[in-house]
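Quick notes on the structure that follows.
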Amino acid sequence: MQLRYNYRAYPDATQRRALASAFGCARVVWNDCLRDRKEAHAAGLPYVKSAELSRLRITQAKRTEERAWLADVSAVVLQQSLRDLDTAYKNFFDSVKGKRQGRKVGPPRYKSKKDTRQSVRLNTNAFSLQDDGTVYVAKVGNLKVKCSRRLPAAPTSLTVTKDSSGRYFLSFVVDTEPDILPSLETEAGIDLGLSAFAVLSDGSKIDSPRFLRRAEKKLKRLQRELSRKAKGSQNRAKARIKVARQHAKVADRRRDWHHKASTQIIRDNQAVYVEDLAVSGLGRTRLAKSVHDAGWSAFVGMLEYKAVKHGRTFAKVNRAFPSSQVCSACGFRDGPKPLHVRQWTCGECGTVHDRDHNAARNVLFEGRRIVAAGRAETPNASWSAGKTRTKVPAQRVEAGSPRKGQTTQAGIPGLQAREHVNVDVMRIHVVDESAEP
Numbered sequence: 000m001q002l003r004y005n006y007r008a009y010p011d012a013t014q015r016r017a018l019a020s021a022f023g024c025a026r027v028v029w030n031d032c033l034r035d036r037k038e039a040h041a042a043g044l045p046y047v048k049s050a051e052l053s054r055l056r057i058t059q060a061k062r063t064e065e066r067a068w069l070a071d072v073s074a075v076v077l078q079q080s081l082r083d084l085d086t087a088y089k090n091f092f093d094s095v096k097g098k099r100q101g102r103k104v105g106p107p108r109y110k111s112k113k114d115t116r117q118s119v120r121l122n123t124n125a126f127s128l129q130d131d132g133t134v135y136v137a138k139v140g141n142l143k144v145k146c147s148r149r150l151p152a153a154p155t156s157l158t159v160t161k162d163s164s165g166r167y168f169l170s171f172v173v174d175t176e177p178d179i180l181p182s183l184e185t186e187a188g189i190d191l192g193l194s195a196f197a198v199l200s201d202g203s204k205i206d207s208p209r210f211l212r213r214a215e216k217k218l219k220r221l222q223r224e225l226s227r228k229a230k231g232s233q234n235r236a237k238a239r240i241k242v243a244r245q246h247a248k249v250a251d252r253r254r255d256w257h258h259k260a261s262t263q264i265i266r267d268n269q270a271v272y273v274e275d276l277a278v279s280g281l282g283r284t285r286l287a288k289s290v291h292d293a294g295w296s297a298f299v300g301m302l303e304y305k306a307v308k309h310g311r312t313f314a315k316v317n318r319a320f321p322s323s324q325v326c327s328a329c330g331f332r333d334g335p336k337p338l339h340v341r342q343w344t345c346g347e348c349g350t351v352h353d354r355d356h357n358a359a360r361n362v363l364f365e366g367r368r369i370v371a372a373g374r375a376e377t378p379n380a381s382w383s384a385g386k387t388r389t390k391v392p393a394q395r396v397e398a399g400s401p402r403k404g405q406t407t408q409a410g411i412p413g414l415q416a417r418e419h420v421n422v423d424v425m426r427i428h429v430v431d432e433s434a435e436p
């Protein structure tokens, strides 16, 4: 499986200018190639091949006066941008043809220098890990990195990212073996909510930290200061950075809390079952801010990939399953209930239920039924389990690259004695939670 390790980088002024140039050149190549394909499609011409685009928009473009500055960055950055465009088109075509599972994927779109996230991707020919703990990036230099942990294997690719708050990150993708935990007898059904973030089938509750709500007062003040600044001024740019940094702190705290909670649940249970909520739909209701603050999708994604990594069973219960309407004691369906009803008595057996605890128990029973019916893969499933199990990627834009003559090392020497590493995850992207703070 692929793991992604995310480290904070601290480039100096010269390196920041070089990275800005790399971001811009990669964006220009993406937009030029995308424009050619769109124009060819509009004119009824065949799909433009990647080899032709590479020759026209990279090799020959460097010799022109308008695109001569493309030669100032590594050629790997430009070629990887074209490969990423090919991947985006493939995902779109597979989604249209029904070959790709999940939500429909739209066609690639143009990139802007005002996007909140700028990034470039490199293979092993354009970066290497140095003995002094820095990371060499072609035509950028040796980047200072804050990390403390050896990578479990030689990285296959590197993505350099700048977020909206001006922070730089280096994301390494490595191939490693699953870390199987000892088997347990306990299983858990999880009911996600807003009053309590999660209620487990054993009755335990996980309170919702509400990171965004707790930071609202400061965010409102920063937003007011931003709205008073003249558009296009330097003061407005500084105020925007302050707002972005505050939002980044909220996201970092939520992500760190998600990691700790999901890791504890996976370590304590052999099987985990959770309801497949319609988060995108709930995010358009009057509860939108609270729903997004909870971050259910990211949490469920962490449970899913950590279950794969540690050899646990994981299954999603269909959102149409009436978990709040069925009595978990006798199985009698007592009908729908409004949200303000948090406790109810079964009309058949007279059992008094806590709404969330009863739903968690029903999710547990339904999850067990799904696994028994063979609709969810388990570590000890039939001979077809390895063929049918969904692969867990590191990141859609960070596919592994072939390592031809690579000279990178497994780890970052010189930074192994520290005790902290910043390990990040995006939706279902795989990370190593053992490196979390």
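In numbering that gives the first Met the number 0, the protein residues as written are 0 to 436.
C-beta: ideal position from N, C-alpha, C; glycine also.
Buried or exposed (CB count within 10 angstroms, at least 16 for buried), residue i
{"i": "Arg16", "result": "exposed"}
{"i": "Pro154", "result": "buried"}
{"i": "Lys237", "result": "exposed"}
{"i": "Thr115", "result": "exposed"}
{"i": "Leu513", "result": "Because residue 513 is not part of the residues shown, which for the chain are 0 to 436, the question remains open."}
{"i": "Asp93", "result": "exposed"}
{"i": "Ala67", "result": "exposed"}
{"i": "Arg213", "result": "exposed"}
{"i": "His352", "result": "buried"}
Cα-Cα separation, residue i to residue j
{"i": "Leu180", "j": "Leu286", "result": "38 Å"}
{"i": "Asn234", "j": "Leu142", "result": "29 Å"}
{"i": "Gln78", "j": "Arg148", "result": "30 Å"}
{"i": "Arg332", "j": "Arg120", "result": "53 Å"}
{"i": "Ala41", "j": "Arg99", "result": "25 Å"}
{"i": "Ala358", "j": "Asp190", "result": "6 Å"}
{"i": "Ser203", "j": "Arg341", "result": "16 Å"}
{"i": "Arg368", "j": "Arg82", "result": "43 Å"}
{"i": "Ala243", "j": "Ala372", "result": "47 Å"}
{"i": "Ser383", "j": "Ser207", "result": "Interpretation of Ser383 is limited by its pLDDT of 41, a score under 50 that renders its predicted location unreliable; the figure taken from the coordinates is listed afterwards. Spanning the two alpha carbons is a distance of roughly 39 Å."}
{"i": "Thr185", "j": "Asn317", "result": "22 Å"}
{"i": "Pro10", "j": "Arg239", "result": "21 Å"}
{"i": "Glu347", "j": "Leu363", "result": "21 Å"}
{"i": "Leu2", "j": "Lys336", "result": "43 Å"}
{"i": "Thr262", "j": "Val370", "result": "22 Å"}
{"i": "Glu365", "j": "Ala197", "result": "17 Å"}
{"i": "Pro151", "j": "Thr284", "result": "43 Å"}
{"i": "Ala60", "j": "Lys216", "result": "50 Å"}
{"i": "Gly140", "j": "Ala12", "result": "12 Å"}
{"i": "Ser127", "j": "Val136", "result": "7 Å"}
{"i": "Asp355", "j": "Cys345", "result": "14 Å"}
{"i": "Asp431", "j": "Met0", "result": "For Asp431, the predicted structure reports a pLDDT of 46, less than 50, and the residue's modelled location is therefore unreliable. A value from the coordinates is still provided. About 11 Å."}
DSSP beta-bridge partners of residue i
{"i": "Ile189", "result": "Leu199 and Val273"}
{"i": "Ile205", "result": "Ala197"}
{"i": "Phe126", "result": "Val136"}
{"i": "Leu157", "result": "Leu121 and Phe171"}
{"i": "Val316", "result": "Glu274"}
{"i": "Gly2", "result": "A quick correction: the sequence has Leu, not Gly, at residue 2. For Leu2, which the question treats as bridged, DSSP gives the partners Val173."}
{"i": "Arg332", "result": "Val325"}
{"i": "Ala8", "result": "Val144 and Tyr167"}
{"i": "Val351", "result": "Thr344"}
From the options, residue whose alpha carbon lies closest to that of residue i
{"i": "Gly294", "options": "Ala195, Phe313 and Asp130", "result": "Ala195"}
{"i": "Ser170", "options": "Lys161, Glu176 and Ala50", "result": "Lys161"}
{"i": "Ser182", "options": "Arg266, Arg213, Lys138 and Gly300", "result": "Arg266"}
{"i": "Val307", "options": "Ala270, Ser279 and Gln342", "result": "Ala270"}
{"i": "Pro321", "options": "Arg367, Glu274, Thr350 and Gly346", "result": "Glu274"}
{"i": "Arg54", "options": "Asp35, Pro45, Asp71 and Leu44", "result": "Asp35"}
{"i": "His258", "options": "Lys230, Gly280 and Leu302", "result": "Leu302"}
{"i": "Lys8", "options": "Val172, Ala197 and Gly165", "result": "Looking at the sequence provided, one finds Ala at residue 8 rather than Lys. Of the candidates Val172, Ala197 and Gly165, the one whose C-alpha sits nearest the C-alpha of Ala8 is Gly165."}
{"i": "Arg108", "options": "Arg227, Ala87 and His356", "result": "Ala87"}
{"i": "Lys48", "options": "Ser200, Leu33 and Arg62", "result": "Leu33"}
{"i": "Ala74", "options": "Tyr272, Gly282, Gly280 and Val28", "result": "Val28"}
{"i": "Phe313", "options": "Asn5, Ser279, Ala328 and Asn268", "result": "Asn268"}
{"i": "Val325", "options": "Gly349, Lys315 and His309", "result": "Gly349"}
{"i": "Val290", "options": "Gly23, Glu224, Leu193 and Val104", "result": "Leu193"}
Limits of the beta strand (DSSP E) - the one that residue i falls within
{"i": "Gln342", "result": "Gln342 to Thr344"}
{"i": "Val362", "result": "That residue, Val362, is in no beta strand (DSSP E); its alpha helix (DSSP H) goes Arg354 to Ala371."}
Start and end residues, alpha helix (DSSP H) containing residue i
{"i": "Tyr88", "result": "Ala74 to Lys96"}
{"i": "Leu218", "result": "Phe210 to Arg227"}
{"i": "Leu18", "result": "Ala12 to Ala41"}
{"i": "Arg252", "result": "Gln233 to Asp267"}
{"i": "Tyr109", "result": "Segment: none, Tyr109 is in no alpha helix (DSSP H) and carries neither H nor E."}
{"i": "Leu52", "result": "Ser49 to Ser53"}
{"i": "Lys150", "result": "The sequence given here places Leu at residue 150; Lys does not occur at that position. Here Leu150 belongs to no alpha helix (DSSP H), and DSSP marks it neither H nor E."}
{"i": "Lys305", "result": "Trp295 to His309"}
Any chain B beta carbon closer than 7 Å to residue i
{"i": "Arg220", "result": "Going by chain labels, chain B is absent from the structure shown, which holds only one protein chain."}
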